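Using my numbering, the first residue of the sequence shown is number 21, and each one after it goes up by one. Positions of the beta carbon are idealized from the N, C-alpha and C atoms, including for glycine. This one's a predicted model, so the numbers in the text were calculated from it and none came from an experiment. First the structure, in the form of structure tokens, and then the observations on it.
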Amino acid sequence: MTNETEFIRNARARYDSYSNEWKRDYFNDNNGGYLVIDKIRIVQGNLSKQEKVKYEKEYNMCLTLAQNGHKIVFLKLTEGSFDIFIDDISADLKKTAGSGNIVKYAKKATREQGAQIVVFEFEKESASVYSELEVLKKIGIHGKYYFSDKRSSIHDF
């Protein structure tokens with residue numbers, strides 16, 4: 021058995037081990053990525069039109085990460101807390117159209133919400149996005165990012 025096969029087998033076993041409190045939503049047999057969702061989070065996503073939009077945005081980000089080989093645990097909403105675990109690391113999800121609030125969002129996620137990293141989905145690629153990511157690196161905030169039109173390419177910062 022190759023290391024890759026064993027890795028995927030172990031990921032499948034972990035995915036399958038989640039209790040009925042979790043929805044086992046997605047598993048990628050090629051890379052071991054998966055998505056499990058706290059069933060309370062699904063209910064919370066249906067409480068209002070605004071919550072439904074937020075849930076769908078976060079769900080789509082989680083699915084993108086899982087499709088790219090990450091192990092995603094999508095948590096129930098808790099005031100002042102992070103959104104997910106990505107590969108056992110606490111993370112907050114942020115989707116933004118521009119670069120104006122990147123540093124503010126990341127500081128809040130890591131300093132107030134308990135996230136170790138931030139995951140960004142940027143709607144458009146621009147020099148200002150890269151400039152803001154450099155600022156984050158300089159102040160010691162790290163994470164992952166991708167662009168809406170390039171979901172199969174996830175980068176670290």
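DSSP lists no beta-bridge partner residue for R29. With fewer than 16 other beta carbons inside 10 angstroms of its own, Y150 counts as exposed. With distances taken between CA atoms, I106 lies nearest to I174 out of I60, N66, I174. The DSSP-derived three-state label of K144 is coil. Assignment of A111 by DSSP, reduced to helix, strand and coil, places it in the strand class. Taking C-alpha positions only, F102 is separated from T22 by approximately 35 Å. If you draw a 10 Å sphere on the C-beta of A126, you find 16 or more other C-beta atoms in it, and that means buried.
Taking 8 Å as the upper bound for CB-CB distance, I57 and K43 are in contact here, some 5 Å apart.
Partner residues in the beta bridge of Y46, as assigned by DSSP, are L55.
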